[in-house]
Amino acid sequence: MEKQSKIYIAGHRGMVGSAIHRNLLQKGYSNFCLRTSGELDLRNQQAVADFFEQEKPDYVFLAAARVGGIIANNTYRAEFIYDNLMIESNIIHSSYKNGVTKLMFLGSSCIYPRLAPQPLKEEYLLTGLLEYTNEPYAISKIAGIKLCDAYRSQYGCNFISAMPTNLYGVNDNYHPQNSHVIPGLIRKFHEAVVQNKSTVEIWGTGSPRREFLYVDDLAEACHYLMLNYNEAGLINIGVGEDISIKELAELIKEITGFTGSLHFDTTKPDGTPRKLMDVSKLHATGWRHTINLKEGLQLAYQDFKSRYKG
14 MEKQSKIYIA GHRGMVGSAI HRNLLQKGYS NFCLRTSGEL DLRNQQAVAD
64 FFEQEKPDYV FLAAARVGGI IANNTYRAEF IYDNLMIESN IIHSSYKNGV
114 TKLMFLGSSC IYPRLAPQPL KEEYLLTGLL EYTNEPYAIS KIAGIKLCDA
164 YRSQYGCNFI SAMPTNLYGV NDNYHPQNSH VIPGLIRKFH EAVVQNKSTV
214 EIWGTGSPRR EFLYVDDLAE ACHYLMLNYN EAGLINIGVG EDISIKELAE
264 LIKEITGFTG SLHFDTTKPD GTPRKLMDVS KLHATGWRHT INLKEGLQLA
314 YQDFKSRYKG
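Quick note on numbering: the sequence shown equals residues 14 to 323 in my numbering.
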């Protein structure tokens, strides 16, 4: 990928896509063909086909997706599977039709079976039942991996699949219902401080363990893999260590300056008990993350405060 290669980042205004865009700009890449969702509906096959025919990108980062936390995934099950299947199918097929040099498909750690052995190795894909609450989203992402592999096998396309662990950071979604755990907790704790509340309520028991990667580290990994990784199947992107939701809440409590108590609502779902990625395959390529969790949470909280109006 040369500095003047034409690059299309699908989803360039989302947390992941915007981080990839920032990273590439900082590295001197300058030839981007970008469209907002208002300008190009990626669920529309003809619109996507016309865009690729017109722009002819050399490299594609497929970071566009309908995403959300437990509530959103479980509530909008049809939209989560339909929208994501359409987005990835249209972009992957048009990339093949228009001779894209290389495509990176970004999935999610939720592709793995709910009770898969920990840490999650790439070969555990399709070895057991999925977590019910995000099954439609997970199935759409598994389909994306298989699409890339099928186009590689049949047509020789250099389409790769990367599965990031849970992400957070600049440009995250802090919606009170549709956010993931870190932005949701940051907002809760911040509002509790502002409103001088004595208690913050947290869903579930606090016992599930999660792994978190700062989004700028993900962007760095994506650039690295686009240059250096050319294999079928998938590769995990993560840090290789996890933390309980209770420990995470305590950390965010400290960073936001909240001095009250935590209440765990055990009537609410926990989701998957544990989700830790095996990143030995990634480490073997020569890449490791550089931003630790506390540092990343401090950066995320700064970003939240700069954008939150409340």
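All C-beta atoms, glycine included, are put in the ideal place defined by N, C-alpha and C.
As the structure is a computational prediction, the values presented were derived from the model and not from experiment.
Is it the case that the Cβ atoms of residue i and residue j are separated by a distance below 8 Å?
i	j	result
ASN103	GLN58	yes
ASP229	GLY182	yes
GLU244	ILE158	no
LYS134	ASP291	yes
LEU231	MET14	no
LYS210	GLY273	yes
GLY179	ARG223	A small correction: the amino acid at residue 179 is Asn; Gly does not occupy that position in the sequence shown. In contact: ASN179 and ARG223 (Cβ atoms closer than 8 Å).
GLN131	LEU289	yes
THR146	ASN86	yes
TYR242	THR298	yes
PRO221	PRO149	no
ILE22	GLN190	no
GLY27	SER192	no
Give me the Cα-Cα distance between residue i and residue j, rounded to the nearest whole angstrom.
i	j	result
GLY219	SER50	36 Å
LEU226	PRO177	8 Å
GLN167	LEU247	17 Å
VAL194	GLU136	27 Å
LYS259	GLY197	14 Å
ARG90	SER31	26 Å
HIS296	ALA175	14 Å
ILE199	SER257	16 Å
TYR164	ILE100	16 Å
THR269	THR212	14 Å
ARG127	LEU143	5 Å
ARG360	HIS25	What is shown of the chain runs 14 to 323, which leaves residue 360 out entirely.
ASN44	THR280	51 Å
CYS170	SER18	17 Å
GLY141	ALA129	7 Å
ARG79	VAL29	12 Å
ARG56	GLU92	11 Å
ILE20	SER293	29 Å
LEU275	LEU160	44 Å
ARG301	ALA156	27 Å
GLN67	GLY217	49 Å
LYS40	HIS106	29 Å
LEU53	TYR109	19 Å
Just to confirm the assignment, what range does the beta strand (DSSP E) spanning residue i have?
i	result
HIS367	In the structure as shown, the chain starts at 14 and stops at 323, and residue 367 therefore has no counterpart that could be examined.
THR212	212-216
LEU2	What the structure shows of the chain is the stretch from 14 to 323, and residue 2 is not part of that stretch, so it cannot be assessed.
LEU247	247-250
TYR181	179-181
LYS266	Unbroken run through LYS266 is the alpha helix (DSSP H), 258-269; no beta strand (DSSP E).
MET117	115-119
HIS276	274-278
TYR21	20-23
On the criterion of 16 or more Cβ atoms from any shown chain inside 10 Å, does residue i qualify as buried, or is it exposed?
i	result
ASP278	exposed
LEU310	buried
ARG320	exposed
LYS16	exposed
GLU214	exposed
VAL252	buried
LEU138	buried
ASN305	exposed
LYS69	exposed
SER121	buried
LYS201	buried
LYS154	buried
Check for me: the alpha helix (DSSP H) holding residue i runs from which residue to which?
i	result
ASP63	58-68
ILE152	148-168
ALA205	194-207
TYR314	306-320
TYR187	From DSSP, TYR187 is part of no alpha helix (DSSP H); its letter is neither H nor E.
HIS106	90-110
ALA297	293-298
SER31	28-39
With a threshold of 8 Å between beta carbons, is residue i in contact with chain B?
i	result
THR114	Absent from the structure: chain B. Only one protein chain is present.
**Message:** For the region 262-270 against the region 56-74, do three or more pairs of beta-carbon atoms, one drawn from each stretch, fall closer than 8 Å, so that the two count as touching?
**Reply:** The region 262-270, when compared against the region 56-74, does not touch it at the 8 Å Cβ threshold.
**Prompt:** Does the region 229-239 touch the region 31-46, meaning 3 or more C-beta pairs lie closer than 8 Å?
**Reply:** At 8 Å Cβ cutoff, the stretches touch.
**Prompt:** Is the region 106-124 touching the region 72-82 in the sense that three or more CB pairs, one from each, lie closer than 8 Å?
**Reply:** Yes: at least three Cβ pairs fall under 8 Å.
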